[in-house]
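There are 2 protein chains.
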Amino acid sequence: MQIGSKFTIGVHIITAIACFRDMDRVNSEFLAGSIGVNPVIVRTVISQLREAGIVQTQRGSSGAELTKRLDEITLYDIYKAVGSVDAEEGLFHFHEQPNPDCPVGRNIHKVLDQRLMDAQRAMEEKLRSTTLADIVEDTRQALDNESNEETALLQAESRM
Amino acid sequence: MQIGSKFTIGVHIITAIACFRDMDRVNSEFLAGSIGVNPVIVRTVISQLREAGIVQTQRGSSGAELTKRLDEITLYDIYKAVGSVDAEEGLFHFHEQPNPDCPVGRNIHKVLDQRLMDAQRAMEEKLRSTTLADIVEDTRQALDNESNEETALLQAESRM
DNA sequence: GATAGTTGTAATATATCATATTACAACTAA
DNA sequence: TTAGTTGTAATATGATATATTACAACTATC
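Chains as they are written, first to last, in my numbering: chain C, 3 to 162; chain Z, 3 to 162.
Have a look at this one:
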């Protein structure tokens, strides 16, 4: 099992909006092309990000705007916004009908639940510790490295 | 999405084996009754626990035995044994075709992967910190509380 | 050694869920 | 007015979790 890709899609969307906002307002079709999924998926995720108060959009008008500073948006916010894990159910699916007539069956839930929640929370805390400012920063860094490598390559070629 | 119930079923199985081992060897049918699932599911999970070196079984002969001490079996061992999360894929499903022609698309994976792994690992470390000795101990504790409550109830009744 | 009970596993069915896709109304910008 | 865009419902498709049936291999016991 895996946490659905809407989470990484959400991160991709916000990163792209942040990276391209000075050049262009990116629409759902462009984003879909960058992400490699259907535009309706992008619009769905953007809707969820809007409901979570992370972006703002206008029907008919192209592109979305961020409503928070990048360093105020954490990975956890996006994970939560797109409903990566059902709040009621939790990360771990417990078998649903342990037998109340068995001493183990009627107690296993009680005994395990807290520890499973702790594990889930540890994961979520980690997600809280990264902001989209970190992600965008690292993306820019990666782009810089790309162009440095390209320059180095060109220089190497010209030396031959 | 959720981590499948085979994980909690695995914990239930080992707890039951530990709790009942002095009284009875529990077979897959009994366990299925306690857990509330089909006996074949139980046998499948036991097979995976056996492959992980946690239990020992014998074809035709009833019941499974633990091959490790309870304090040497962690929740993580069971989580791993039943393949709760695919080792290749990881906990987070990344969208599969980010566009290499887009500056964000070709870098998002690199930028996110480490942080997602860190989050997954934080969850897994928490699972490592609980042993089956803890679980069995807590289960016995819960059973004690049950009988204390029962006694209290009986005493209350006799006073009326 | 014959019988009843058990495990191991393959094969299949079913239900649920993630993702893709089509379609279209509501809206904006030019 | 026209072309482009968003928001969302409806539906399709494929993957996966769990249930179930079936049976061969094996053990324990009478």
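Glycine included, C-beta positions come from ideal geometry on N, C-alpha and C.
List, in order along the chain, the chain Z residues whose C-beta lies closer than 7 Å to that of residue i?
| i | result |
| --- | --- |
| PRO41(C) | The contacting residues do not exist; PRO41(C) stays about 13 Å from chain Z at best. |
| MET25(C) | By Cβ distance, chain Z contributes nothing, its closest Cβ being about 11 Å from MET25(C), past 7 Å. |
| LEU129(C) | ALA121 |
| ALA18(C) | VAL106 |
Answer yes or no: do residue i and residue j have a C-beta to C-beta separation smaller than 8 Å?
| i | j | result |
| --- | --- | --- |
| ILE5(Z) | SER86(Z) | yes |
| SER36(C) | HIS95(Z) | no |
| VAL2(C) | GLY12(C) | Residue coverage of chain C in this structure runs from 3 to 162, which leaves residue 2(C) outside it and unanswerable. |
| MET3(Z) | MET119(C) | no |
| VAL106(C) | CYS21(Z) | yes |
| LEU145(Z) | ASN109(C) | yes |
| TYR78(Z) | GLU126(Z) | yes |
| ALA121(C) | LEU129(Z) | yes |
Mind pulling the chain Z residues with CB within less than 8 Å of residue i?
| i | result |
| --- | --- |
| LEU145(C) | PRO105 and ASN109 |
| VAL44(C) | Those within 8 Å of VAL44(C) in chain Z number zero; the least Cβ separation is about 11 Å. |
Residues in the same chain with beta-carbon distance under 6 Å from residue i, minus the five sequence neighbours each way, listed in chain order, please.
| i | result |
| --- | --- |
| GLU98(Z) | none |
| HIS14(C) | ILE37 |
| TYR81(C) | PHE9 and LEU129 |
| ALA124(Z) | none |
| PRO102(Z) | ARG108 |
Grab me the residues of residue i's own chain with a C-beta within less than 7 Å of its C-beta, minus the 5 sequence neighbours each way, in chain order.
| i | result |
| --- | --- |
| ILE75(Z) | ILE16, ILE56, THR133 and LEU134 |
| ASP73(Z) | THR133 and ALA135 |
| ALA18(C) | VAL28, LEU33 and SER36 |
| ALA158(C) | none |
So, for residue i: in the same chain, excluding its five sequence neighbours on each side, which residues have a beta-carbon less than 8 Å away from its beta-carbon?
| i | result |
| --- | --- |
| ALA34(C) | ASN40, PRO41, ILE43 and VAL44 |
| ARG52(C) | GLN58, THR59 and ALA66 |
| ALA83(C) | GLY12, GLN50, LEU51, GLU53, ALA54 and ILE56 |
So residue i contacts chain C; which residues on that side make the cut at Cβ distance below 9 Å?
| i | result |
| --- | --- |
| ARG61(Z) | Residues of chain C passing the Cβ test: none, with the nearest at roughly 25 Å. |
| GLY38(Z) | HIS97, GLU98, GLN99, PRO100, ASN101 and GLY107 |
| LEU134(Z) | Neighbours of LEU134(Z) on chain C: none; closest Cβ ~11 Å, over 9 Å. |
List, in order along the chain, the chain Z residues whose C-beta lies closer than 9 Å to that of residue i?
| i | result |
| --- | --- |
| VAL84(C) | Near VAL84(C) there are no residues of chain Z at all, since even the closest Cβ is about 11 Å away, more than 9 Å. |
| GLY35(C) | ASN101, ASP103, CYS104 and GLY107 |
Can you pull the chain C residues whose beta carbon is under 7 Å from the beta carbon of residue i, in chain order?
| i | result |
| --- | --- |
| HIS5(Z) | The residue you asked about is not His; residue 5(Z) is Ile in the sequence shown. In chain order: MET3, LEU93, PHE94 and HIS95. |
| LYS70(Z) | By Cβ distance, chain C contributes nothing, its closest Cβ being about 19 Å from LYS70(Z), past 7 Å. |
Under the DSSP definition of a beta bridge, which residues are partnered with residue i?
| i | result |
| --- | --- |
| LEU68(C) | VAL57(C) |
| ILE5(C) | PHE94(Z) |
| SER63(Z) | GLN60(Z) |
| GLY76(Z) | It should be pointed out that residue 76(Z) corresponds to Thr in this sequence rather than to Gly. Answer is THR133(Z). |
Just to make sure I have the definition right: I need the residues of chain C whose C-beta is within less than 8 Å of the C-beta of residue i. Which are they?
| i | result |
| --- | --- |
| LEU114(Z) | THR10, VAL13 and ILE137 |
(message) Three or more C-beta pairs under 8 Å: does that hold for the stretch 22 to 33 of chain C against the stretch 112 to 123 of chain Z?
(response) no
(message) For the stretch 131 to 147 of chain C against the stretch 135 to 146 of chain Z, do three or more pairs of beta-carbon atoms, one drawn from each stretch, fall closer than 8 Å, so that the two count as touching?
(response) Not touching, per the Cβ criterion.
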